[in-house]
Each structure stands twice: as structure tokens, then as C-alpha cells.
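Enquirer: I'd like to ask you about the structure that follows.
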Amino acid sequence: MTQPRSRVLGDDRAAPRLATRDRVADERSSRGRPATRARILAAARLLFGKQGFAATTVKDIARECDITDAALYYYFRSKREILDSLWGPLPESPAEEPIRGDSLDDLTDEVLDGIAQREALFRIVLRQALAGDRTALALRDQTMAGLEENLFRRLRTSFGDDEARELADSLCMLFLGLYHNSEIELGEDFAAVLGTPQFRERARALVRTVAAVGVDTATAAEPCAP
Amino acid sequence: MAQPVRTYPDQRTGEATRARILAAAAALFAEHGFDATTVRAIASHAGITDGALYYHFASKREVLNALWQIPPRPPALALGRLTPSRADLIRHAERRFNAWVDSVGLMRILFQQSLEGDRLAIAFRRSVIAGYLDAMIPSFAAVYGERAPRIAEAQLHTLTGLVTDTMLRYGPAFREVAGQESFRRRLRRLLDRALPYPGVLQEQ
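These protein sequences, in sequence, are chains A and B. Per our numbering, the first sequence starts with residue -8, numbered consecutively. Per our numbering, the second sequence starts with residue 526, numbered consecutively.
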């Protein structure tokens, strides 16, 4: 099954790795069967997302993918090393397409698709970042910077540079707030609700409110002054 | 061994100690998280023994729960005019934001605990959000009519995004950063953006 790619939040497959930690070439990173390695990572992603990093044991992860913990240690030195292997995707360069009317809605959908695709990973990163984990904090900052830069590049094709810069900042904060508020409010249902037409429509309306497409600055100087 | 005689401090001292414990806990939970903070650390931060802390709270969990029972601030006073100006609406939201900055330590634990699925924290967070919307929607309604809830929501998310982003990016320096002129300019710009011009809305 192939998932839709998100140009705005980037794509795991083509992404470079985050280099905040020394990644000394380790024979472990290439040994064993790739399928087992992938299974361990999938199980860890699931468990870290569900119960948090601290509360998940190596034994839990091994059990989830039907191997012994000794077998798991053949692939990864520690729980922390599994977490580090989960991280790394950075946003890729976006296509430069003009944003107008409906395409602002498309942009909203792209951002939400990007969040939906990596929701479990974001949840882990956020929890670790709140716990003061520097790698997670750096990854979060880079993801935000990547989102803002991509929004800017898309928006500047329709708005001037200054306007696009401000709008990108506004939309970034709006998406971030919408994401956190919805994630907390919906809990485990968040990922499912994110894809519903109702949620999409609400998000599009919010984005249109902030982007105020079609603003006529000449007549809109101070229209609601008493 | 003889049981220590439990003395009952008079009510005023008791309340003051309780408040000190809550303040210490809020600071430590915000800095180190709930799990990494010990009862002993809270007690010593509050200048009392852990025995004295247990007189007020049965457990660390109970201290945390008590934090969410502090009633959220009363709703901001209604704006003084029937039809507020744009600048009024922006100032109104800015004052709300300032109150969040003042309690950023509490906001951080609230965020952390809510993400962990802590029901009390989620309920408290919900009441803070409801309080915000209750304070903003009537002011918006005078200008934007039935679109007021949508606009208040856009503003709420924008401010939530700004608070969490700044909190994670700057950690303990949050207040300092939030006081800087460049940050205030950005805040006003974001608030201005989240507030469409009425003429534009009618076209949509």
C-alpha cells in the first residue's frame, strides 16, 4: 500500500537524517534481516506512541513483534537507539505552485495529510521534547522550520514575499494550535477524525479565515471603527 | 517507637503551606515533569519536611490533581463599547495571552499531562479554552455576527500554537522572550491576521 505523499511536511522515504547525534558507523545498523528490523521499529513506534517512551520496556517491544529481547539486542543496543532510528525524516523541497482559492484548501489538506501520515511519530517526538530530550527538541524545531519554509515557498507564488512570510508564520501557528488542541481533545480518535470531511472542512474554513483570501487593502483600512 | 503527635496547625497557616506546596509543585513539575519530581523535592522546595507535605496531600498524584482545582481566572471584563474596534479586539486577546505567559509553568504541565491522557488535566484545559471562547465570542459577535465562533477558534488555535512553539523552543526563557519587543510585534501581527476584515468575510 502506498500512502499519499505530502509535499508540505515532507516524505520519510526521501528524507535526509538528522545529524544531532554522532552516528558512528555501527555494524548493528546493517546486520540481521531488514524485515525483522522494520518490525521492531513498527512495534516500537506503536508502543512509544501509545504508552510513552519511559513506560515502554525493551521486553514489551520484543513481545509485540514475537521475538526474544536477546534477539532484539542483536539489532539495537538499547531502547534509546530504537527511538533514534525512528527519527530523522526532514521535509523535502516543495513544488512551487501558485496558491489561489481552491488551492489554499489543497494546501490545508496537504498539511493535514502530512500530520496524519506521521501522527504516531509526532506524538513520540512531542512527548520526548516536553521531557527535555534535546534530539526531540531539535527535530521538532526543524520540522516546524521546514513546514514554515515550505508554506512560504508555496505562498510567495501568489502573494508578495513579505506577505507570504507573515502568512506562512500565521498558518504555521494555526496548524500547530489546531493540531495540539485536537490531539488533546480527541485522544486516541485523533488520527481517525483527522481524515473526516467534517474535520477537513473546519480546518479549511480556519485557514481561509486567517489567509483572508481576496482582502482589498484599500477599502479594508479600519472598517469596524465605531 | 512512639507515634509522633499530630499537631493541627491553625487554618490560616495550613492554607499558606498548602499554597506553598502547590507553587513548588507547579514549578518543579513544569521543569522536570511529573514522573521525575519526587515528593521530597517538592517539600524541600516549599521549605517543609516530606512528613509535613503528607499532612496536606496523600500523594504526589493528589498534589497534581489539586493544581487543576485552582479555578481558572474569571472571564475578562467585557469590552466597554457596543461595537469594538479592531484595535480593541486585538488588545483584548493580547491581555488574555499575557495571562497565559504569567502562568506558563502551569500551562506546560497542563499540556504534558493532557497529552498523557490525564482526565483531570484535560477537563481543566477544556475549562480554560471554554473561558477564552466565552470571553471572546460576544466581542466578536458585535462585528462579525454568526461568524464570531469560527474567528474566535482561529484566534485560539493561533495563540495555542504560539504558546506551545515558544514554550518548546525557549524552555525556561519563555517569559523573557515573550516580553521582548520583537515578540510582541509578532504576537500583534498574528492576532491581526487571525482577525479578518468584516468586508472580506461578507464576500466569502
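Cβ atoms here follow ideal geometry from the backbone N, Cα and C, with glycine treated the same way.
Comparing C-alpha positions only, which one of B/D613, B/A561, B/H570 and B/T542 sits nearest to B/F582?
Expert: Nearest C-alpha to B/F582: B/T542.
Enquirer: Since B/L592 and B/A551 are thought to touch, with beta carbons under 8 Å apart, how far apart are those beta carbons, to the nearest angstrom?
Expert: Correct: roughly 6 Å between the Cβ atoms.
Enquirer: Can you list the residues of chain A that B/D659 reaches, using a CB-CB cut of under 8 Å?
Expert: Near B/D659 there are no residues of chain A at all, since even the closest Cβ is about 16 Å away, more than 8 Å.
Enquirer: Out of curiosity, what's the CA-to-CA distance linking B/T683 and A/S94?
Expert: Rounded to whole angstroms, B/T683 to A/S94 spans 21 Å at the Cα level.
Enquirer: Residues of chain B with a CB under 8 Å from the CB of A/R131: which are they?
Expert: Those within 8 Å of A/R131 in chain B are L693.
Enquirer: With a CB to CB cut of under 6 Å and the five nearest residues on each side skipped, what residues in its chain are close to B/K585?
Expert: Excluding residues within five positions, the ones whose Cβ falls inside 6 Å are V564.
Enquirer: For the stretch 622 to 642 of chain B against the stretch 696 to 704 of chain B, are there 3 or more C-beta pairs whose distance is under 8 Å?
Expert: Contact holds: three or more Cβ-Cβ distances are below 8 Å.
Enquirer: In angstroms with no decimal places, state the Cα-to-Cα distance between A/Q42 and A/G105.
Expert: Taking the straight line from one Cα to the other gives about 23 Å.
Enquirer: Suppose you measure from the CA of B/Y722 to the CA of B/G656; what does that come to, to the nearest Å?
Expert: Between B/Y722 and B/G656, the C-alpha separation is close to 25 Å.
Enquirer: Quick check: the Cα distance between B/I647 and B/E671, rounded to an integer number of angstroms?
Expert: So the two alpha carbons sit approximately 28 Å from each other.
Enquirer: Rounded to the nearest angstrom, what separates A/A45 and B/G572 at their Cα positions?
Expert: Their backbone Cα atoms lie some 30 Å apart in a straight line.
Enquirer: Consult DSSP for A/R68 and reduce its assignment to one of helix, strand or coil.
Expert: It is coil, neither helix nor strand.
Enquirer: Of all the CB atoms in chain B, is at least one closer than 8 Å to the CB of A/E72?
Expert: Not an interface residue.
Enquirer: Which one of A/C56, A/E72, A/E110 and A/D96 has the shortest CA to CA distance from A/T126?
Expert: Considering only alpha carbons, the answer is A/E72.
Enquirer: Would you mind telling me which residues of chain A sit closer than 7 Å to B/P721, beta carbon to beta carbon, in chain order?
Expert: Neighbours of B/P721 on chain A, chain order: T200 and A203.
Enquirer: Let's test the definition: count the other Cβ atoms within 10 Å of the Cβ of A/T187 and tell me whether it reaches 16, buried, or not, exposed.
Expert: It is exposed - the Cβ of A/T187 has fewer than 16 other Cβ atoms within 10 Å.
Enquirer: Rounded to whole angstroms, what is the Cα-Cα separation between B/L641 and A/N141?
Expert: Before going on, a small fix: residue 641 of chain B reads as Glu here, not Leu. B/E641 and A/N141: Cα-Cα distance of roughly 30 Å.
Enquirer: Using a Cβ cut-off of 8 Å, which residues of the stretch 42 to 56 of chain A contact any Cβ in chain B, in chain order?
Expert: Going along the stretch 42 to 56 of chain A in chain order, one finds G43 and A45 with a Cβ nearer than 8 Å to chain B.
Enquirer: DSSP state of B/D560, grouped into three classes?
Expert: The answer is coil: DSSP assigns B/D560 none of H, G, I, E or B.
Enquirer: Tell me whether the stretch 610 to 619 of chain B and the stretch 554 to 562 of chain B touch, counting them as touching only if at least three CB pairs, one residue from each stretch, are closer than 8 Å.
Expert: Judged by Cβ distances under 8 Å, the stretch 610 to 619 of chain B makes no contact with the stretch 554 to 562 of chain B, as fewer than three pairs qualify.
Enquirer: Give me the subset of the stretch 555 to 576 of chain B whose CB atoms are less than 7 Å from a CB atom of chain A, sorted by chain position.
Expert: Answer set for the stretch 555 to 576 of chain B: G558 and D560.
Enquirer: With distances taken from CA atoms, which of B/R644, B/H570, B/L715 and B/R633 is nearest A/A159?
Expert: Ranking the options by Cα distance to A/A159, first place goes to B/L715.
Enquirer: Check each residue of the stretch 645 to 670 of chain B: if its Cβ is closer than 8 Å to any Cβ of chain A, include it; give the result in chain order.
Expert: Cβ contacts with chain A come from I647, R650, R651, I654 and V668.
Enquirer: Go through its chain and collect everything with a Cβ distance to B/I567's Cβ below 7 Å, but skip five positions before and after it.
Expert: The residues are I546, A549, A550, L553, L578 and V588.
Enquirer: Just checking, does the stretch 98 to 113 of chain A make contact with the stretch 53 to 60 of chain A on the three C-beta pairs under 8 Å criterion?
Expert: Counting Cβ pairs under 8 Å, fewer than three are found: no touch.
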